[in-house]
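Novice: To convert, count from 1 in the first sequence and add 57; that's our numbering. Each residue gets a CB set at the ideal place from its N, CA and C atoms; glycine is no exception. I have a structure I would like to understand better, so I am pasting it below and will then ask my questions one at a time.
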Amino acid sequence: MAKEITSRAENYSDWYIDIVKRANLADNSAVRGCMVIKPYGFAIWENIRDQLDKMFKETGHVNAYFPLFIPKSFLSKEAQHVDGFAKECAVVTHHRLMMAPDGSGVVVDPTAKLEEELIVRPTSETIIWDTYRTWINSYRDLPLLINQWANVVRWEMRTRLFLRTTEFLWQEGHTAHATKAEAEEETLRILDIYSTFAEDYMAMPVIRGIKTANERFAGAEETYCIEALMQDGKALQAGTSHFLGQNFAKAFDVKFLSENNQQEFVWATSWGVSTRLMGGLIMTHSDDDGLVVPPKLAPTQVVIIPIPKPTPAIDEVAKKVMADLKAKGIRVKYDTDLKTRPGFKFAEHELHGIPVRLAIGERDLANGQVEVARRDTKEKMQQPVEGIEQYIEDLLVEIQANLFNRAKAMRDAHITKVETFAEFEEVINRDIPGFISAHWDGTTETEEKIKELTKATIRCIPLDAVAEDGVCVLTGQPSQRRVLFAKAY
RNA sequence: CGGGGCGUAGCGCAGCCCGGUAGCGCACCUGCUUUGGGAGCAGGGGGUCCCAGGUUCAAAUCCUGGUGCCCCGACCA
58 MAKEITSRAE NYSDWYIDIV KRANLADNSA VRGCMVIKPY GFAIWENIRD
108 QLDKMFKETG HVNAYFPLFI PKSFLSKEAQ HVDGFAKECA VVTHHRLMMA
158 PDGSGVVVDP TAKLEEELIV RPTSETIIWD TYRTWINSYR DLPLLINQWA
208 NVVRWEMRTR LFLRTTEFLW QEGHTAHATK AEAEEETLRI LDIYSTFAED
258 YMAMPVIRGI KTANERFAGA EETYCIEALM QDGKALQAGT SHFLGQNFAK
308 AFDVKFLSEN NQQEFVWATS WGVSTRLMGG LIMTHSDDDG LVVPPKLAPT
358 QVVIIPIPKP TPAIDEVAKK VMADLKAKGI RVKYDTDLKT RPGFKFAEHE
408 LHGIPVRLAI GERDLANGQV EVARRDTKEK MQQPVEGIEQ YIEDLLVEIQ
458 ANLFNRAKAM RDAHITKVET FAEFEEVINR DIPGFISAHW DGTTETEEKI
508 KELTKATIRC IPLDAVAEDG VCVLTGQPSQ RRVLFAKAY
């Protein structure tokens, strides 16, 4: 039915690209690895952003904005940090263009070379901590709870729309605390916000966990994460919250005078989620007919379609229903486009993932009914016009819950416990491999060996992992708990 | 960085092998008929064929060089 969408079974990767493009979420741009986020895609992102922003503010955070450019020297102040990012930095070396002497266009003016190159931020820890040095003097200045919404650039070798782009949009929180315990508490508070948002708004179930040393953020003491499972059985890291210890405070000399009149280094966290969440949203719920957007994040939650086209009688009912829905805070549109016919509109709105569709024709009016169609199950029902606003309000809640439950059932069905490496290999090579729960001896060597053999990485050590004696799936060395492996985006 | 693909109308593509008036579908404009799951017919508008050079009477097509994007892999808080 839907034209030009590759089916998931045929080629999952092509399906994903088709959804992104056909649902008007984003396009490739003239710049390698950079995308244009189109109005519809951006509207969903705005809903994600607004909700998270609200949750950050409710927990005492404030927004600020730091520069796009970072002096090169800042990057080298924290050794592990620069190690992690050096290979993917865009560097600004000049500040002026000039007309080419041969008239062929503009060229870089060689006399406009910067004394110190500027790095386009891949993340802002360095410039922010350089700033914090001047902001923090006393324990009375703490905690400092700041977030920024920004774009960052990471020169990745290979990009994928939303999932890994050269430039992406995100939020990055950077907090400073007087004690280790407070900073650790903050790290977990944010992890909580992320998992609540993912599950309650995106309807995307996530596993909360800790990264292994190997997968830890460059410069962090501990990285917490939420991991989701996509329909093709690959994992997606959906958000991270880092406990940075005193690493950045020491690198940027950020000290405060304690209540005891002692100079002490500040304790830090940083945390972020990005436009990658859009990729997670798509791959969690969408189907071969197009995008599926959970009601809470849908720019339009209900669309009303006149059958076959607007008439005064249909308009009257549609407008009343719209007013009643709007009064309940429901985002509704009346599709009065005269250029397209109902069948086209049905397909188009399904492609865009609008959760509920109402169709109103003369036949319905005669019966005092409307046709209600839900995007998640594709079911159609006749409902009385009278009281429809309450029915829809309840239906949106049900759809939101159904999407989550469906995704969770899928996810849970694809967490496989294995005891031997043979089992491990069998599961990881399935069409939909999912998470593998296995014992691991705790060494980076084993982790990397498994990755080399199977392409699976340790996604996290789940926070709710129970102590359980076992032996490493690869080496047979003793292990106290299971960790989750998966192939990842 | 390796492998592959593609640059021709707004979008998606054919034409290239075998040089000879630049085409098709969608979209767009006009008109009529349609309209409960992507309408039909008729007429119409729209092009530096990625760039540069070469071969030729003649190049979208052949040759040389360049360039851009995409996909797969390696890589990746």
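The alpha helix (DSSP H) spanning phenylalanine 113 covers which residue range?
Specialist: Residue 113 sits at position 56 when you count from the first residue of the first sequence. It spans 96-115 - the alpha helix (DSSP H) in which phenylalanine 113 sits, taken as one unbroken run.
Novice: Would the segment 373-380 and the segment 349-358 be scored as touching if the rule is three or more Cβ pairs under 8 Å?
Specialist: Touching, no, given that fewer than three Cβ pairs across the two stretches are closer than 8 Å.
Novice: Could you tell me which whole beta strand (DSSP E) segments of length 3 or greater appear in the segment 366-405?
Specialist: Listed in chain order, they are 389-391.
Novice: Near isoleucine 76, which residues of its chain fall below 8 Å by C-beta distance, leaving aside the five closest residues on each side in sequence?
Specialist: For the purposes of this step, residue 76 is taken as the residue at position 19 of the first sequence. Excluding residues within five positions, the ones whose Cβ falls inside 8 Å are Ile62, Leu82, Ile339, Ser343, Gly347 and Leu348.
Novice: By Cβ distance below 7 Å, which residues in the same chain neighbour methionine 58 in space, the five residues on each side in sequence not counted?
Specialist: Residue mapping note: residue 58 aligns to position 1 of the first sequence, counting from 1. Residue placement at methionine 58 is poorly supported in this model, since its pLDDT is 33, which falls under 50; the coordinates are not used for a value here.
Novice: With a Cβ-Cβ cutoff of 8 Å, do threonine 393 and proline 369 count as a contact?
Specialist: Position 336 of the first sequence holds residue 393. Position 312 of the first sequence holds residue 369. Not closer than 8 Å, so no.
Novice: Could you spell out the range, first to last residue, of the alpha helix (DSSP H) harbouring threonine 269?
Specialist: On the first sequence, residue 269 is found 212 positions in, with the first residue counted as 1. Where threonine 269 is concerned, there is no enclosing alpha helix (DSSP H), given that its DSSP letter is neither H nor E.
Novice: Where does phenylalanine 461 fall in DSSP's three states?
Specialist: For this step, residue 461 is matched to residue 404 along the first sequence. It is helical.
Novice: Do three or more CB pairs link the segment 250-265 to the segment 452-466 at distances below 8 Å?
Specialist: Touching, per the Cβ criterion.
Novice: Output the distance between the C-alpha atoms of alanine 207 and glycine 491, rounded to the nearest integer angstrom.
Specialist: By 1-based counting over the first sequence, the position of residue 207 is 150. By 1-based counting over the first sequence, the position of residue 491 is 434. Each residue's Cα considered, the two are about 32 Å apart.
Novice: Rounding to the nearest angstrom, what Cα-Cα distance links proline 129 and glutamate 173 in this structure?
Specialist: Taking the first sequence and counting its residues from 1, the one referred to as residue 129 is at position 72. Taking the first sequence and counting its residues from 1, the one referred to as residue 173 is at position 116. Reading off the sequence, residue 129 comes out as lysine, not proline. Approximately 7 Å between the Cα atoms of the pair.
Novice: Near threonine 532, which residues of its chain fall below 6 Å by C-beta distance, leaving aside the five closest residues on each side in sequence?
Specialist: Position 475 of the first sequence, counting from 1, holds the residue named residue 532. The answer, listed in chain order, is Asp498 and Thr503.
Novice: Could you pull the DSSP bridge partners for histidine 496 from this structure?
Specialist: Within the first sequence, residue 496 is the residue found at index 439, counting from 1. Note: histidine 496 sits in a beta bridge opposite Arg539.
Novice: Nearest-angstrom Cα distance between arginine 516 and serine 298?
Specialist: Working through the first sequence from its first residue, we reach residue 516 at position 459. Working through the first sequence from its first residue, we reach residue 298 at position 241. If I take the Cα positions, the gap works out to 14 Å.
Novice: Determine contact between the segment 95-115 and the segment 219-239, defined as no fewer than three beta-carbon pairs at a distance below 8 Å.
Specialist: The segment 95-115 vs the segment 219-239: in contact.
Novice: Closer than 8 Å is the cut-off here; do at least three beta carbon pairs connect the segment 477-491 with the segment 407-420?
Specialist: No, the segment 477-491 is not in contact with the segment 407-420.
Novice: Determine the extent of the alpha helix (DSSP H) in which glycine 336 is found, giving its start and end residues.
Specialist: Start at 1 with the first residue of the first sequence, and residue 336 comes out as number 279. Run containing glycine 336: 333-342, per the alpha helix (DSSP H) assignment.
Novice: Answer yes if the segment 326-339 comes into contact with the segment 279-294, meaning at least three C-beta pairs across the two stretches below 8 Å, and no otherwise.
Specialist: The answer is yes - the segment 326-339 touches the segment 279-294, with three or more Cβ pairs under 8 Å.
Novice: Using DSSP with H/G/I as helix, E/B as strand and the rest coil, what is glutamine 320?
Specialist: Residue mapping note: residue 320 aligns to position 263 of the first sequence, counting from 1. DSSP places glutamine 320 in strand when its eight states are reduced to three.
Novice: In chain order, what residues of the same chain lie with their CB nearer than 6 Å to the CB of alanine 169, ignoring the 5 residues before and after it?
Specialist: As a working mapping, residue 169 is identified with position 112 in the first sequence. Excluding positions up to five away in sequence, the list reads His151, His152 and Arg153.
Novice: Let's see if you can read the secondary structure: which residues bound the alpha helix (DSSP H) around alanine 524?
Specialist: Taking the first residue of the first sequence as 1, we reach residue 524 at position 467. Here alanine 524 belongs to no alpha helix (DSSP H), and DSSP marks it neither H nor E.
Novice: Ignore the nearest five residues each way along the sequence and tell me which others in aspartate 71's own chain have a CB closer than 7 Å to its CB.
Specialist: Counted from its first residue, the first sequence places residue 71 at position 14. Around aspartate 71: Thr63.
Novice: Can you name the residues that DSSP bridges to serine 327?
Specialist: Position 270 of the first sequence, counted from the start, is the residue given in the question as residue 327. BP columns for serine 327 point to His231 and His299.
Novice: Please list, in chain order, all residues of the same chain as glutamine 537 whose beta carbon is under 6 Å from its beta carbon, the five residues on each side excluded.
Specialist: What you label residue 537 is simply residue 480 of the first sequence in a count that begins at 1. Contacts found: Ala524.
Novice: Starting from tyrosine 281, trace the alpha helix (DSSP H) both ways and give me its first and last residue.
Specialist: As a position in the first sequence, residue 281 is number 224, starting the count at 1. That residue, tyrosine 281, is in no alpha helix (DSSP H); its beta strand (DSSP E) goes 279-286.
Novice: Cβ atoms of leucine 199 and phenylalanine 126: under 8 Å apart, would you say?
Specialist: Along the first sequence, one-based indexing puts residue 126 at 69. Along the first sequence, one-based indexing puts residue 199 at 142. Going by C-beta atoms, phenylalanine 126 is not nearer than 8 Å to leucine 199.
Novice: Sorted by chain position, which residues of the same chain lie with C-beta nearer than 7 Å to cysteine 529's C-beta, five sequence neighbours on each side aside?
Specialist: In the first sequence, counting from the first residue as 1, residue 529 sits at position 472. Answer for cysteine 529: His496, Trp497, Asp498, Thr503 and Ser536, listed in chain order.
Novice: Name, in chain order, the residues that DSSP records as bridge partners for valine 360.
Specialist: In the first sequence, the residue the question calls residue 360 occupies position 303. Note: valine 360 sits in a beta bridge opposite Lys390 and Arg414.
Novice: Helix, strand or coil for asparagine 208? Go by DSSP, reduced to three states.
Specialist: Indexing the first sequence from 1 puts residue 208 at position 151. In the structure shown, asparagine 208 sits in a strand (DSSP, three-state: E or B).
Novice: Per DSSP, what kind of secondary structure is methionine 58 in: helix, strand or coil?
Specialist: As a first step, residue 58 must be located in the first sequence, where it is residue number 1. With a pLDDT of 33 at methionine 58, under the threshold of 50, the modelled position of this residue cannot be trusted; read the value that follows with caution. If DSSP states are grouped into helix, strand and coil, methionine 58 belongs with coil.
Novice: Once the 5 residues before and after valine 360 are set aside, which same chain residues still bring their CB inside 6 Å of it?
Specialist: Taking the first sequence and counting its residues from 1, one reaches residue 360 at position 303. Only Lys390, Asp392, His406, Ile411 and Arg414 meet the Cβ criterion.
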